[in-house]
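Number of protein chains: 2
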Amino acid sequence: MNKMNVQAEVQLKGQKAKEAARKLASLPTDVKNKALLNMAKLLEERTEEIIAANEIDMDAARKKNLSKALLDRLLLTPERISDMAEGLRALVALPDPVGEIISMWTRPNGLQIGKMRVPLGVVGIIYEARPNVTVDAAGLCLKTGNAVILRGGSEAINSNTAIVRIISQAAENAGVPEGAIQLIETTDREAVNVMLKANDFLDVLIPRGGAGLIQTVVNNATVPVIETGVGNCHVYVDDEADLEMATDIVVNAKTQRPGVCNAMETLLVHEAVAEKFLPMVARRLEEAGVELRGCEKTRRILTQIQVATKEDWATEYLDLILAIKVVKDMQEAIEHIHNYGTKHSEAIVTNNYQRARDFLQSVDAAAVYVNASTRFTDGYQYGFGAEIGISTQKLHARGPMGPKELTTFKYIIFGNGQIRT
Amino acid sequence: MNKMNVQAEVQLKGQKAKEAARKLASLPTDVKNKALLNMAKLLEERTEEIIAANEIDMDAARKKNLSKALLDRLLLTPERISDMAEGLRALVALPDPVGEIISMWTRPNGLQIGKMRVPLGVVGIIYEARPNVTVDAAGLCLKTGNAVILRGGSEAINSNTAIVRIISQAAENAGVPEGAIQLIETTDREAVNVMLKANDFLDVLIPRGGAGLIQTVVNNATVPVIETGVGNCHVYVDDEADLEMATDIVVNAKTQRPGVCNAMETLLVHEAVAEKFLPMVARRLEEAGVELRGCEKTRRILTQIQVATKEDWATEYLDLILAIKVVKDMQEAIEHIHNYGTKHSEAIVTNNYQRARDFLQSVDAAAVYVNASTRFTDGYQYGFGAEIGISTQKLHARGPMGPKELTTFKYIIFGNGQIRT
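Line order of the protein sequences matches chains A and B. Take the first sequence: its position 89, counted from the start at 1, is 100 in our numbering, and no numbers get skipped. Take the second sequence: its position 258, counted from the start at 1, is 269 in our numbering, and no numbers get skipped.
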C-alpha cells in the first residue's frame with residue numbers, strides 16, 4: 012500500500028469515527044451494555060474463526076523466529092477468548108460515567124452552572140502484539156461513549172482483523188453506530204505517523220506497549236497523548252521498617268508478576284539495616300528465582316551477586332531481576348527515585364511517622380505507597396474496575412485509567428436571561 | 012544569538028525550573044501568599060523602572076508601525092501596573108489548591124487510597140505582546156506551586172525583562188526558590204521551537220494569543236499542550252424564544268466586550284421568528300456600532316447588510332462585526348455550530364424544555380448556555396477567581412482554567428503490610 016493510500020485509510024476511518032462519536036455521546040447506557048453482551052457472546056460463538064486467523068499470525072511469527080515471550084503474547088486459545096468475553100461482561104456492571112453531573116452550583120446572579128461528564132470523542136490506541144488489548148480497549152471505549160481507532164502490531168493483524176469484524180458487527184446489531192470500533196488494517200508503519208498528527212479527528216492517543224513505542228508516540232505526536240505504562244518502580248526500606256513486613260512487600264512487588272509495569276525493579280535499603288535485611292530478603296528472592304545485582308555496599312554483604320551499573324538503575328527489567336542499592340538515608344533514596352524513576356509507583360516501608368509523611372510528600376509519582384506493595388497500582392485494586400493503562404504523565408489522568416479517565420466534561424449553564432454587566 | 016546559544020538558554024532555565032518545582036511543591040501557603048504581596052508591592056514601587064523599559068518597547072513598536080490595537084496592548088501606565096499588582100493581591104484570598112485531598116476511600120483489604128492535589132511541575136507560557144500576561148501567569152503559577160517559564164512576544168521584551176526581574180526578586184525575598192519565575196530573554200524565534208519539544212523539563216505548555224500562535228504550538232509541540240482561547244461562539248435564537256430576552260443576550264454577547272474569546276461571532280435565528288426578531292435586534296446592534304453580515308435569507312429581511320460568506324462563518328472577528336444566518340430549525344443550528352464552532356461557548360435562547368435539553372446534550376463545547384450570554388465563560392464569573400485562559404480542548408481542563416486546573420494529583424496509599432495475592 013502506498014503512502015497516499017495509507018493516509019486515505021486512516022483519514023476515512025477518522026471521519027467515520029468522528030461521526031460515530033457524535034451519536035455515541037448520547038447513546039443510552041442500556042444500548043451500550045447490550046452491545047457489550049452481544050460482543051462477548053459473538054466472540055465466544057466465533058472462537059474457531061478467531062483461532063484460525065490467529066494461527067496464520069502464529070505461523071508467520073514462528074517463521075520470523077519471534078521470541079517465546081512474544082509468541083505467548085500473540086497466542087489465542089478458546090480459554091483466552093473466553094477471558095476476553097468475560098472482560099466485556101464485567102464492564103456491564105460498571106456505572107456509566109457519561110452524563111454524571113460532577114458538581115453544580117448557583118452564582119449570585121442566579122446562573123446555575125454544572126459540570127457534566129461527557130466522552131472524550133475519538134480515542135486512538137496504538138499497541139503491540141497482544142490481541143486481547145483489541146477487545147479490552149474497544150469495550151472500555153464503548154462503555155464510555157467514545158469511538159475508537161485501533162492500531163495493533165503487524166504480527167497480530169489477522170487476529171485483530173477477525174476480532175474487530177466480529178465485535179463491531181455485534182455492537183452494530185445492538186444499535187451502536189457504524190464506525191464506533193475500527194481497526195487500521197494496513198500494517199504499513201506510515202499509518203502510525205498519520206495517527207500521530209491526526210488532530211482533526213483524534214481527541215487523544217493512548218500508546219500501550221514497551222518503552223520504545225511509548226517514546227516514539229510521545230516524541231512525535233501532536234495529538235494529545237496519555238503516556239502509559241513504563242514503570243521503573245522502587246521500594247525503599249527504611250531503618251525503622253518492620254523487616255518482616257519489608258521482606259514480604261519486596262518479594263511481592265518483585266515476584267508476584269514480574270512482567271508488569273507496577274512490579275518493583277530496584278530495591279533501596281537504608282544502610283543501618285542493610286546487614287540484617289539484605290540476607291533475609293536475598294534468600295527469599297533467590298528462592299523465587301530472582302537474579303540480584305547490587306551496588307558496592309550491597310555486594311559487601313551479598314558477596315555472590317553481580318554488580319549493578321548505572322544502566323541497571325535506569326532499567327525496567329520486567330523480569331526476575333532486581334537491582335539493589337544501599338543508601339545512607341531516606342533523602343538519598345528520594346534522590347535516586349527522582350533521578351531514575353518513571354513517576355509510576357514508589358513505596359516506602361517504615362514505621363517512622365514523619366518519614367512516611369515526607370516520602371509521600373516528596374516523591375513525584377502517580378502512586379506513592381507507605382507499607383504496601385507497588386503491585387496495587389491497578390484499576391481493579393483501586394476499585395475502579397477495568398482500566399486502559401496506567402498513566403505516568405501529569406495531564407488529565409494519573410495512575411490507573413478507568414472509565415472516568417476516558418471522559419471529559421462540559422459546563423452546562425441554565426439561565427433566565429442573564430447578561431454580563 | 013546563534014541556535015546553540017538559544018538552546019542553551021532554554022535548557023539551562025528549564026533545569027533551574029525543574030529544581031525549583033521540587034521545592035515549590037511543598038512550599039507553605041503563607042510563604043506563597045507573602046511572595047504574592049511582595050511582588051505586588053515591588054511592582055508598584057518600581058513603576059518608573061517598568062515604564063522606562065516599556066517606553067523602549069513602545070518606541071521600537073511605533074517605528075515598526077505596529078497597529079494602534081497592538082500599541083495599546085503593549086502600553087503600560089502607572090494605572091495598568093497598579094491593576095497588575097491588584098491581580099496578584101486578589102490571588103492571596105483564593106484557597107491554595109495544593110495538598111487538598113480530593114477523595115479518600117478504604118479498600119476491603121484495608122488499604123486507604125487518597126487522591127492528593129499536587130502542582131503540575133513546570134509550566135511553559137508562550138504569549139504575545141501583552142505584558143500583563145507576564146504578571147498574571149507568574150502569580151497563578153506561584154499560587155499553585157508551579158515553576159513557570161515565560162516566553163512573551165519580542166515587542167514586549169524590555170517590559171517583560173523589567174517585570175520578571177522585579178517580581179522574581181520580590182518572590183525570592185519571601186522565600187520562593189530561585190528559578191520559580193523565569194523569562195526567556197532571547198527574542199530569537201528558535202526559543203519557541205526548543206520549548207515545544209522540551210518534554211524533559213516542561214510538564215505543560217499553555218499558548219496565549221491569536222489563532223496563529225495557538226495553531227503553531229498545537230501542531231508542533233510534543234510537550235502536552237492546553238489549547239486556549241479561540242472562540243467562534245454562537246447564539247441560536249429558537250422560534251420559542253422570548254425575543255426581548257434574546258435581544259438583550261445577543262447584544263450583550265456581541266458588544267459588551269467584542270475583543271474577547273467568549274464574545275459571540277455568529278447569530279443563528281430560527282426562520283419562523285426571523286422576520287420579527289431580526290429587525291428588533293439589528294436596530295440595537297447597529298446603535299452599538301456593529302456591522303452586520305447575513306446569509307441570503309437574512310438579507311431578504313435586513314436588505315441593507317452585506318453578504319456573509321463561508322469565510323465569515325469561520326471567522327472569530329474579535330470586533331464589532333456579526334455574521335447572521337437564518338436556519339430552518341435547531342438541528343440546522345447545531346450542525347452549523349458543529350461545522351464552524353471552536354468548542355468554546357455556545358448558547359440557545361428558548362423556552363422549549365425539550366429543545367433546551369437537546370441543545371445542552373448535542374453541542375460539544377466547553378460551555379453550553381441556555382438563556383444566558385456567552386460572555387459568562389470566565390474564571391471570576393464561574394466563581395473560580397483568576398484564570399490562565401479558557402481551554403478549548405478536552406484533555407485535562409475545559410473552559411476557564413483557574414488554580415485547580417493548574418494542578419494534577421497523585422494517589423497516596425496507606426497500608427500496614429498489604430501484598431497482592
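Each residue gets a CB set at the ideal place from its N, CA and C atoms; glycine is no exception.
DSSP three-state assignment for residue i, whether helix, strand or coil
i, result
"Gln267(B)", "coil"
"Lys405(B)", "coil"
"His355(B)", "coil"
"Thr385(A)", "helix"
"Ile260(A)", "helix"
"Ser114(A)", "strand"
"Ala32(A)", "helix"
"Arg128(A)", "strand"
"Pro108(A)", "coil"
"Pro411(B)", "strand"
"Gly135(A)", "strand"
"Glu55(B)", "helix"
"Ala378(B)", "strand"
"Val234(B)", "coil"
Extent of the continuous alpha helix (DSSP H) to which residue i belongs
i, result
"Phe288(A)", "282-298"
"Val248(B)", "Where Val248(B) is concerned, there is no enclosing alpha helix (DSSP H), although the beta strand (DSSP E) it sits in stretches over 244-248."
"Leu85(A)", "79-85"
"Thr145(A)", "143-154"
"Glu201(B)", "201-207"
Any chain D beta carbon closer than 7 Å to residue i
i, result
"Tyr364(B)", "Here the protein chains are A and B, and chain D is not one of them."
Enclosing beta strand (DSSP E) for residue i [first to last residue]
i, result
"Glu302(A)", "302-305"
"Leu161(A)", "158-162"
"Phe420(B)", "418-429"
"Ala334(A)", "332-338"
"Gln193(A)", "192-194"
"Val215(B)", "215-219"
Minimum Cβ-Cβ distance from residue i to chain A less than 7 Å
i, result
"Arg91(B)", "no"
"Tyr247(B)", "no"
"Ser114(B)", "no"
"Ile345(B)", "no"
"Lys405(B)", "yes"
"Arg409(B)", "yes"
"Ser37(B)", "yes"
"Arg431(B)", "yes"
Residue i versus residue j: straight-line alpha-carbon distance, rounded
i, j, result
"Gln404(B)", "Ile113(A)", "18 Å"
"Ser37(B)", "Glu139(B)", "31 Å"
"Val292(B)", "Thr258(B)", "5 Å"
"Leu371(B)", "Glu346(B)", "14 Å"
"Gln317(B)", "Ala274(B)", "21 Å"
"Arg84(B)", "Ile192(B)", "22 Å"
"Gly394(A)", "Asn120(B)", "11 Å"
"Met95(B)", "Asn210(A)", "36 Å"
"Arg386(A)", "Thr266(A)", "10 Å"
"Ile237(A)", "Leu313(B)", "50 Å"
"Gly300(A)", "Ala376(A)", "29 Å"
"Glu59(B)", "Gln22(B)", "32 Å"
Beta-carbon gap between residue i and residue j smaller than 7 Å
i, j, result
"Tyr154(A)", "Lys29(A)", "With the sequence shown as reference, residue 154(A) is identified as Lys, and Tyr is not the correct amino acid for it. No, they are not a contact pair."
"Ala185(A)", "Asn49(A)", "yes"
"Ala19(A)", "Val187(A)", "no"
"Phe425(B)", "Val381(A)", "yes"
"Leu216(A)", "Val229(A)", "no"
"Lys421(A)", "Val129(A)", "yes"
"Val262(A)", "Val360(A)", "no"
"Leu417(B)", "Leu333(B)", "no"
"Leu331(B)", "Pro269(B)", "yes"
"Leu161(A)", "Ile136(A)", "yes"
Beta carbon proximity, residue i to chain B, threshold 7 Å
i, result
"Val205(A)", "no"
"Pro235(A)", "yes"
"Ala383(A)", "yes"
"Leu216(A)", "no"
"Met412(A)", "no"
"Ala173(A)", "no"
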